[in-house]
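Asks: Below you will find the structure I want to go over with you.
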Amino acid sequence: MSRFLDIGVASLVPYVPGEQPKDAGYIKLNTNESPYPPSPSVIAAVKAESEKLRLYSDPETSDLTAAIAEFYGVGQKNVIAGNGSDEILAFIFKAFFGEKGAACPDVSYGFYPVFCSLFGIKYNPVPLDENFMIDASAYADVTDNVVIANPNAQTGIYLPLDKVEEIARSRPDRLVVVDEAYVDFGGETAVPLTKKYNNLIVVQTFSKSRQLAGGRVGFAVADESLINDIKTVKYSFNPYNVGRLGIAAGCAAMKDREYFDACRSKIIATRGRVAYELAKLGFTVLPSKANFLLIRHGDVGGEEMYRALKQRGVLVRHLKDERIKDFVRVTIGTDDEMDVFLKKTAEILGELK
Ligand SMILES: *Cc1c(COP(=O)(O)O)cnc(C)c1O
22 MSRFLDIGVA SLVPYVPGEQ PKDAGYIKLN TNESPYPPSP SVIAAVKAES
72 EKLRLYSDPE TSDLTAAIAE FYGVGQKNVI AGNGSDEILA FIFKAFFGEK
122 GAACPDVSYG FYPVFCSLFG IKYNPVPLDE NFMIDASAYA DVTDNVVIAN
172 PNAQTGIYLP LDKVEEIARS RPDRLVVVDE AYVDFGGETA VPLTKKYNNL
222 IVVQTFSKSR QLAGGRVGFA VADESLINDI KTVKYSFNPY NVGRLGIAAG
272 CAAMKDREYF DACRSKIIAT RGRVAYELAK LGFTVLPSKA NFLLIRHGDV
322 GGEEMYRALK QRGVLVRHLK DERIKDFVRV TIGTDDEMDV FLKKTAEILG
372 ELK
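Position 39 of the sequence shown, counting from 1, maps to 60 under this note's numbering, and the rest follow consecutively.
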């Protein structure tokens with residue numbers, strides 16, 4: 022720490038991203054990326070766009086928001102794009118949460134409390150129930166704005182849409198942000214509800230289900246007045262927030278519905294098979310509608326499992342949150358990758374005997 026650091030920043034505890042090893046030897050199941058490459062149309066679009074990198078990108082990201090609006094049947098004015106959904110979430114916390122505070126599930130995306138400390142927002146963790154499910158009724162008396170991930174981060178558990186609606190409907194004077202990073206793996210999106218509730222914002226990303234984690238593209242859909250408020254923050258911070266390559270890639274990815282459906286179907290099928298095999302090995306597997314599984318085994322601790330797998334060339338994520346420290350989170354890779362993962366896992370359990 023230098024002697025110049027602002028004392029407010031000195032007290033921050035930053036978000037810790039999953040490892041991104043330079044060494045390509047690992048089977049990488051730790052940060053919920055897609056195991057499949059971007060679609061060929063995305064690669065072609067990025068190549069063509071790279072000729073124009075001399076020029077700034079479109080600050081309105083019009084082509085991209087048009088493609089998103091078309092996909093979801095909403096108006097273009099109801100969409101804003103960002104440099105990953107992390108940026109969109111940051112804009113939202115900055116725009117709306119100053120006085121309200123943020124109520125979030127106690128086990129969820131680790132960035133929510135970090136944004137709260139960065140922007141000086143009160144963080145109000147609301148416990149998941151004993152089955153790690155979001156209890157919609159626990160939000161009935163909460164006056165803070167609400168941020169939930171659905172399916173929830175870390176657990177993968179999906180909250181049915183009528184429960185999301187209940188949270189939005191019960192208190193029109195608070196904002197409800199639904200982070201749908203994993204919704205394409207079996208959940209149902211709340212985007213149509215944004216037409217009915219002007220206190221609802223749906224946030225999505227191209228990182229998980231559209232093969233573009235490194236492209237950094239995310240977006241939000243909401244009532245036009247909310248989108249305009251988010252734009253006030255964006256234009257006070259970084260008007261060219263999505264680069265030319267991100268816009269081109271995002272646009273092409275949104276339009277290639279066939280490739281999108283093929284990739285997510287494969288991941289859903291692989292997830293089912295791996296969950297079944299893990300249960301046979303004695304694991305507790307939380308019911309996931311995401312592209313990862315949160316799993317626990319009575320004979321091995323979470324940290325120990327993580328280390329043993331890493332030693333064998335398989336990277337998974339161990340999260341230190343008290344309630345899930347006995348678990349590891351395993352991203353769904355290709356079938357071949359998951360076969361190696363299952364084999365190494367069985368080996369580790371065998372050595373304990
Ligand atoms: C991965 C993830 C994000 C961040 O996505 P980017 O678009 O890559 O910034 C946001 N929320 C949740 C719940 C995530 O899992």
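Think of the CB as a built atom: it goes at the ideal place given N, C-alpha and C, for glycine as much as any other residue. The structure displayed is predicted, hence computed values, not measured ones.
Pull the bridge partners of Asp-200 from the DSSP assignment, please.
Replies: Here residue 200 refers to the residue found at position 179 of the sequence shown. According to DSSP, which records beta bridges pairwise, Asp-200 is partnered with Ala-170, Val-224.
Asks: Which one of Pro-134, Val-30, Asn-51 has the shortest CA to CA distance from Gly-39?
Replies: To locate residue 39, count along the sequence shown from 1; it is residue 18. Here the closest residue by C-alpha is Asn-51.
Asks: Which residues mark the beginning and the end of the alpha helix (DSSP H) in which Asn-249 is found?
Replies: By 1-based counting over the sequence shown, the position of residue 249 is 228. Asn-249 -> alpha helix (DSSP H) spans 245-255.
Asks: Excluding the 5 residues preceding and the 5 following Ala-157 in the sequence, name in chain order all residues of the same chain whose CB lies nearer than 6 Å to its CB.
Replies: By one-based count along the sequence shown, residue 157 stands at place 136. Excluding residues within five positions, the ones whose Cβ falls inside 6 Å are Lys-184, Glu-187, Ile-188.
Asks: Where do the N-terminal and C-terminal ends of the beta strand (DSSP E) with Ala-123 fall, by residue?
Replies: Counting from one through the sequence shown, the residue named residue 123 turns up at place 102. Its beta strand (DSSP E) spans residues 123-126.
Asks: Express the C-alpha separation of Val-198 and Asp-244 in angstroms, rounding to a whole number.
Replies: The residue labelled residue 244 in the question sits at position 223 within the sequence shown. The residue labelled residue 198 in the question sits at position 177 within the sequence shown. Their backbone Cα atoms lie some 12 Å apart in a straight line.
Asks: Considering only heavy atoms of ligand 1, does any lie closer than 7 Å to the CB of Thr-176?
Replies: For this step, residue 176 is matched to residue 155 along the sequence shown. It does not: the Cβ of Thr-176 is nowhere closer than 7 Å to a heavy atom of ligand 1.
Asks: Out of Val-224, Ile-64, Ser-191, which has the shortest C-alpha to C-alpha gap to Tyr-218?
Replies: Locating residue 218 in the sequence shown gives position 197, where the first residue counts as 1. Selected option, being the one with the closest Cα: Ser-191.
Asks: Using CA atoms only, rank isn't needed, just tell me which of Gly-371, Val-128, Phe-206, Arg-75 is closest to Glu-343.
Replies: For this step, residue 343 is matched to residue 322 along the sequence shown. The shortest C-alpha separation from Glu-343 is found at Val-128.
Asks: Per DSSP, which residues does Arg-338 bridge with? Please list them.
Replies: In the sequence shown, residue 338 corresponds to position 317, counting from 1. Partner(s): Arg-350.
Asks: Under 5 Å, CB to any heavy atom of ligand 1. Which residues pass, going along the chain?
Replies: Per the Cβ criterion, the list is Gly-105, Ser-106, Asp-107, Tyr-130, Ala-170, Ala-174, Asp-200, Ala-202, Thr-226, Ser-228, Gly-239.
Asks: Determine, using beta carbons only, whether Ala-102 and Leu-85 come nearer to each other than 8 Å.
Replies: In the sequence shown, residue 102 corresponds to position 81, counting from 1. In the sequence shown, residue 85 corresponds to position 64, counting from 1. Going by C-beta atoms, Ala-102 is nearer than 8 Å to Leu-85.
Asks: Can you tell me whether DSSP reads Leu-145 as helix, strand or coil?
Replies: As a working mapping, residue 145 is identified with position 124 in the sequence shown. Just to set this straight, residue 145 is Asn in the shown sequence, not Leu. Of the three classes helix, strand and coil, the one that applies to Asn-145 here is strand, per DSSP.
Asks: Using the Cα positions of Asp-347 and Phe-153, report the straight-line distance between them to the nearest angstrom.
Replies: For this step, residue 347 is matched to residue 326 along the sequence shown. For this step, residue 153 is matched to residue 132 along the sequence shown. Each residue's Cα considered, the two are about 14 Å apart.
Asks: Please state the DSSP three-state secondary structure of Phe-304.
Replies: Along the sequence shown, read from residue 1 onward, the residue named residue 304 stands at position 283. Residue state, collapsed to three classes: coil.
Asks: So Val-212 and Val-238 are supposed to be a Cβ contact under 8 Å. How far apart are they, rounded?
Replies: As a first step, residue 212 is located in the sequence shown; it is residue number 191 there, counting from the start. As a first step, residue 238 is located in the sequence shown; it is residue number 217 there, counting from the start. Not a contact, Cβ separation roughly 17 Å.
Asks: Does the region 300-313 come close enough to the region 360-374 to have 3 or more Cβ pairs within less than 8 Å?
Replies: Yes, since at least three Cβ pairs between the region 300-313 and the region 360-374 fall closer than 8 Å, the two stretches touch.
Asks: Excluding the 5 residues preceding and the 5 following Thr-355 in the sequence, name in chain order all residues of the same chain whose CB lies nearer than 6 Å to its CB.
Replies: Here residue 355 corresponds to residue number 334 of the sequence shown, with the count starting at 1. Taken in chain order, the residues that qualify are Pro-56.
Asks: Opposite Lys-49 in the DSSP bridges: which residues?
Replies: The count along the sequence shown starts at 1 and reaches residue 49 at position 28. Paired residue(s): Leu-336.
Asks: Excluding the five sequence neighbours on either side, which residues of its own chain have a C-beta within less than 7 Å of the C-beta of Pro-59, listed in chain order?
Replies: Looking up residue 59 in the sequence shown gives position 38. Closer than 7 Å at Cβ, skipping near neighbours: Gln-232, Leu-233, Ala-270, Ala-274.
Asks: Kindly list the residues whose CB is nearer than 7 Å to the CB of Thr-291, restricted to its own chain and excluding five residues on each side of it in sequence; keep chain order.
Replies: Here residue 291 refers to the residue found at position 270 when the sequence shown is read from its first residue. Within the same chain, Thr-291 has close Cβ partners Ile-353, Asp-356, Met-359.
Asks: Please classify Asp-44: is it buried, with 16 or more other beta-carbons within 10 angstroms of its beta-carbon, or exposed?
Replies: Taking the first residue of the sequence shown as 1, we reach residue 44 at position 23. Its Cβ having fewer than 16 others within 10 Å, Asp-44 is exposed.
Asks: I'd like the span of the beta strand (DSSP E) that includes Leu-180, first residue to last.
Replies: As a working note, residue 180 is residue 159 in the sequence shown. It is not in any beta strand (DSSP E) - Leu-180 carries neither H nor E in the DSSP assignment.
Asks: What are the start and end residues of the beta strand (DSSP E) that includes Phe-313?
Replies: Residue 313 sits at position 292 when you count from the first residue of the sequence shown. Unbroken beta strand (DSSP E) run through Phe-313: 313-317.
Asks: So what's Gly-264 in DSSP terms, helix, strand or just coil?
Replies: Here the question's residue 264 lines up with position 243 in the sequence shown. Three-state DSSP puts Gly-264 in coil, outside helix and strand.
Asks: Based on Cα-Cα distance, which residue from Ser-62, Tyr-93, Glu-81 lies nearest to Lys-216?
Replies: Within the sequence shown, residue 216 is the residue found at index 195, counting from 1. Closest option to Lys-216, Cα to Cα, is Tyr-93.
Asks: Return the chain-ordered list of same chain residues with a C-beta closer than 7 Å to the C-beta of Ile-316, the five sequence neighbours on each side being excluded.
Replies: Taking the sequence shown and counting its residues from 1, the one referred to as residue 316 is at position 295. Excluding residues within five positions, the ones whose Cβ falls inside 7 Å are Leu-299, Phe-304, Thr-305, Val-306, Phe-348, Val-349, Val-351.
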